[in-house]
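Below is one structure, written out as structure tokens; comments come after it.
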Amino acid sequence: MNYHYPPLNYGTRQQAQMNNIMKVIGEGVLPVTPDQLEIILGVTTEGENLQKTQQLNAEKASRVRKALLQKGIKEEDIQTQDYRINLNYDYKDGEEIFRGYRVVNMLELTVKEVEQAGVIIDAAVKAGVNTVTNINFTVANKQLYYQQALTKAIQNAQKKATAIAKTIGVPFNQIPERVEELSINDERQPREVVLGISTEDSIPTPIEPGLLSVKAIVEAEFNY
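Numbering (the working numbering), first residue to last: 2 to 225.
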């Protein structure tokens with residue numbers, strides 16, 4: 002996304018003196034406490050008979066969904082993320098030997114109460130979940146925090162340009178001629194969870210959110 006600012010009218014003499022371009026990178030980082038998390042979990046079943054394996058998988062998935070609803074997860078926050086049927090083979094002396102079927106049913110959850118993450122995962126495992134592939138802490142209104150980080154990034158670019166201009170001893174226009182947002186790769190890695198069966202007296206699986214960093218990077222051009 003590009004932002005273009007009309008150049009200010011400093012008069013012919015000043016504009017003639019500011020015909021060079023200074024290009025800087027500005028960064029803005031905003032630490033944020035996550036207020037929700039996304040969990041991908043599901044049921045994997047294996048068997049020699051496809052119909053029976055599908056039926057067993059469906060029964061377990063139904064129990065999992067019911068357990069999640071009982072823990073306060075809303076219906077609209079439970080979505081099917083993946084459903085697939087794979088063929089299982091063993092290999093002996095270079096030959097494929099058909100072993101049966103694998104049915105995978107994965108659900109994507111949005112949990113609004115992050116402190117309940119461990120309790121929810123344990124309840125899902127007790128109901129039949131045997132696969133958890135992703136736990137990702139997020140914020141519900143990321144765009145709001147990103148706009149604040151973007152403001153910091155532009156201010157950072159202006160400070161860098163000011164420092165450069167002061168060092169080399171030239172005047173410059175503090176309003177950027179051009180600002181471009183640069184893409185950012187999310188470096189936050191999904192968390193892995195060791196599955197286990199919980200009981201009423203067991204300690205919930207510990208899931209600690211920590212802080213998120215909402216980051217914005219811009220490339221700004223200033224006339225000097």
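Note that CB positions come from ideal geometry on N, CA and C, so glycine has one too.
Predicted model only: the values in this text are computed from it and were never measured.
| C-beta atoms of Ala118 and Glu28 nearer than 8 Å | no
| task | Look up Tyr84 in the DSSP assignment and say whether it is helix, strand or coil. | result | strand
| query | For Phe138, which residues of its own chain have a beta-carbon under 6 Å away from its beta-carbon, when the five flanking residues on both sides are left out? | reply | Pro35, Leu38 and Pro210
| field | Among Lys24, Asn224 and Leu69, nearest to Ala128 - alpha-carbon criterion | value | Leu69
| query | Would Ile121 pass as a contact of Val112 if the rule is Cβ separation under 8 Å? | reply | yes
| said: On the DSSP letters alone, give me the boundaries of the alpha helix (DSSP H) that Gln144 sits inside. | reply: Lys143 to Ile169
| message | If you reduce the DSSP assignment to three classes, tell me which class Lys93 lands in. | response | strand
| message | Quick check: the Cα distance between Asn21 and Phe223, rounded to an integer number of angstroms? | response | 8 Å
| said: In whole angstroms, give me the CA-to-CA distance for Ile176 and Asn142. | reply: 29 Å
| Where do the N-terminal and C-terminal ends of the alpha helix (DSSP H) with Gly119 fall, by residue? | Ala118 to Ala128
| task | Count the other CB atoms, across all protein chains shown, that sit within 10 Å of the CB of Tyr147; report buried if there are 16 or more and exposed otherwise. | result | buried
| Taking DSSP as the reference, what is the three-state secondary structure of Val140? | coil
| said: For the alpha helix (DSSP H) containing Leu57, name the first residue and the last one. | reply: Leu51 to Gln71
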